[in-house]
Amino acid sequence: EVPTFVPARTILPGQRDVRRLGTASYPNLVVDAYPGADGTYELYEDDGLSTGYQRDQSVRLPLDQKVRARRRTVTIGPARGSYRGWLRRREVEVRFVAEAPPRAVSVDGSDLPWSPQRREGHWCYDTSNATVVVSLPRVDLRDTTTVVVDRATPKARSEAEPLIDGYPGLARRIAAISDATRALVGDENRHIMHLAQTPDRIARDPSSLVAELREIHERLGDIDDLLARASAHHTELESLNPLDPPRATEALAATRRLLATTLTQFGA
Numbered sequence: 008e009v010p011t012f013v014p015a016r017t018i019l020p021g022q023r024d025v026r027r028l029g030t031a032s033y034p035n036l037v038v039d040a041y042p043g044a045d046g047t048y049e050l051y052e053d054d055g056l057s058t059g060y061q062r063d064q065s066v067r068l069p070l071d072q073k074v075r076a077r078r079r080t081v082t083i084g085p086a087r088g089s090y091r092g093w094l095r096r097r098e099v100e101v102r103f104v105a106e107a108p109p110r111a112v113s114v115d116g117s118d119l120p121w122s123p124q125r126r127e128g129h130w131c132y133d134t135s136n137a138t139v140v141v142s143l144p145r146v147d148l149r150d151t152t153t154v155v156v157d158r159a160t161p162k163a164r165s166e167a168e169p170l171i172d173g174y175p176g177l178a179r180r181i182a183a184i185s186d187a188t189r190a191l192v193g194d195e196n197r198h199i200m201h202l203a204q205t206p207d208r209i210a211r212d213p214s215s216l217v218a219e220l221r222e223i224h225e226r227l228g229d230i231d232d233l234l235a236r237a238s239a240h241h242t243e244l245e246s247l248n249p250l251d252p253p254r255a256t257e258a259l260a261a262t263r264r265l266l267a268t269t270l271t272q273f274g275a
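Quick note: to get this note's numbering, add 7 to the position in the sequence shown (first position is 1).
Here it is in structure tokens:
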């Protein structure tokens with residue numbers, strides 16, 4: 008695993024589903040807004056090929072975040088400048104990172120509907136990354152676009168925030184444990200799969216986040232007993248074929264080490 012460190016209040020623009028920039032302008036724009044305090048960023052674009060930028064043939068797009076107790080706001084635009092190939096209107100996705108499921112989301116004063124998965128013109132909750140995702144189909148970057156997350160109540164946030172702190176890493180660990188043991192623990196794999204599918208259930212019902220994440224912390228430690236039983240079973244089977252490599256028991260031993268590290272790091 009390679010950690011990524013991001014300063015509080017950072018606004019980080021990028022693209023979705025694109026490995027490299029092969030055109031004169033981002034085909035879509037993703038704005039990751041990190042919590043902690045107010046922040047600003049100015050996105051610079053030019054055609055990437057000519058020296059036109061030396062003649063002011065470029066665009067600067069201001070991005071701004073305001074963090075308050077009751078709401079988080081990201082403002083996009085208006086863009087300044089121009090050059091050939093710049094896309095004035097494009098898809099924009101705003102991601103409010105490390106945010107509990109909100110009460111509502113609005114764009115330019117109009118409420119945006121919720122969807123259980125990413126869908127243009129809607130907001131959804133990406134549980135695996137503890138992020139509110141707002142997908143806007145066509146945004147005129149010459150105008151000002153304001154996206155507002157009406158945050159959960161202070162009581163709801165006080166319950167949710169300690170649980171989502173670190174959950175993206177914990178979710179990846181649980182998924183890795185599930186993948187590694189799927190063919191080794193038989194019917195009992197359903198217990199691991201239940202925990203691995205937590206993000207899907209929360210995405211369908213964000214109000215269940217606290218109950219679902221508490222269940223993970225209560226039940227994750229029980230998986231080691233399950234893996235120990237499976238290891239004993241495979242040890243017996245492998246003893247019948249001593250010339251074959253003990254792949255199953257080695258895989259289970261590695262998974263138990265990963266689980267032990269996970270329990271220590273995440274306090275589950």
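All C-beta atoms, glycine included, are put in the ideal place defined by N, C-alpha and C.
For residue j and residue i, believed in contact at Cβ under 8 Å, the rounded distance
{"i": "D157", "j": "V217", "result": "About 18 Å separates the two Cβ atoms, so there is no contact after all."}
{"i": "I230", "j": "L265", "result": "Not really, about 11 Å apart at Cβ, beyond 8 Å."}
{"i": "V192", "j": "L233", "result": "6 Å"}
For residue i, three-class secondary structure by DSSP
{"i": "Y33", "result": "coil"}
{"i": "G193", "result": "helix"}
{"i": "R67", "result": "strand"}
{"i": "L19", "result": "strand"}
{"i": "P144", "result": "strand"}
{"i": "V81", "result": "strand"}
{"i": "S117", "result": "strand"}
{"i": "G88", "result": "strand"}
{"i": "T11", "result": "coil"}
{"i": "T302", "result": "With the chain represented from 8 up to 275, any question about residue 302 goes unanswered, as that position is not in the structure."}
{"i": "R26", "result": "coil"}
{"i": "A40", "result": "strand"}
{"i": "H133", "result": "According to the sequence as given, residue 133 is Asp; it is not His. Correct three-state label for D133: strand."}
Limits of the unbroken alpha helix (DSSP H) element including residue i
{"i": "E168", "result": "161-171"}
{"i": "L177", "result": "174-188"}
{"i": "D231", "result": "230-246"}
{"i": "T151", "result": "From DSSP, T151 is part of no alpha helix (DSSP H); its letter is neither H nor E."}
{"i": "A218", "result": "216-226"}
{"i": "D207", "result": "205-211"}
Boundaries (first-last residue) of the beta strand (DSSP E) holding residue i
{"i": "S113", "result": "111-114"}
{"i": "T47", "result": "46-52"}
{"i": "R102", "result": "96-104"}
{"i": "T262", "result": "That residue, T262, is in no beta strand (DSSP E); its alpha helix (DSSP H) goes 254-273."}
Same chain only: Cβ atoms within 8 Å of residue i, ignoring 5 sequence neighbours per side
{"i": "S214", "result": "P108"}
{"i": "P144", "result": "E98, E127, G128"}
Contact set for residue i: own chain, Cβ-Cβ below 6 Å, skip 5 residues either direction
{"i": "D54", "result": "A31, Y90, G92"}
{"i": "R87", "result": "R67"}
Cut-off 7 Å between Cβ atoms - residues of its own chain near residue i, not counting five sequence neighbours on either side
{"i": "A167", "result": "A107, A159, L216, V217"}
{"i": "L202", "result": "I181, I223, R226, L227"}
Original post:
Should the stretch 51-68 be regarded as contacting the stretch 81-94, the criterion being three or more beta carbon pairs within less than 8 Å?
Top reply: yes
**OP:** Report yes or no: do three or more beta-carbon pairs, one from the stretch 223-230 and one from the stretch 244-257, lie closer than 8 Å?
**Re:** no
Original post:
Is the stretch 153-170 touching the stretch 105-121, taking contact as three or more C-beta pairs under 8 Å?
Top reply: yes
Original post:
When the Cβ atoms of the stretch 115-132 are set against those of the stretch 179-193, are three or more pairs found closer than 8 Å?
Top reply: no
Original post:
Quick one: any contact between the stretch 13-21 and the stretch 39-49, if contact means 3 or more CB pairs under 8 Å?
Top reply: yes
**OP:** State whether the stretch 73-81 contacts the stretch 119-135, with contact taken as three or more CB pairs (one from each stretch) at a distance under 8 Å.
**Re:** no
**OP:** Mind the definition here: the stretch 187-202 touches the stretch 232-240 only if three or more C-beta pairs lie below 8 Å; say whether that holds.
**Re:** yes
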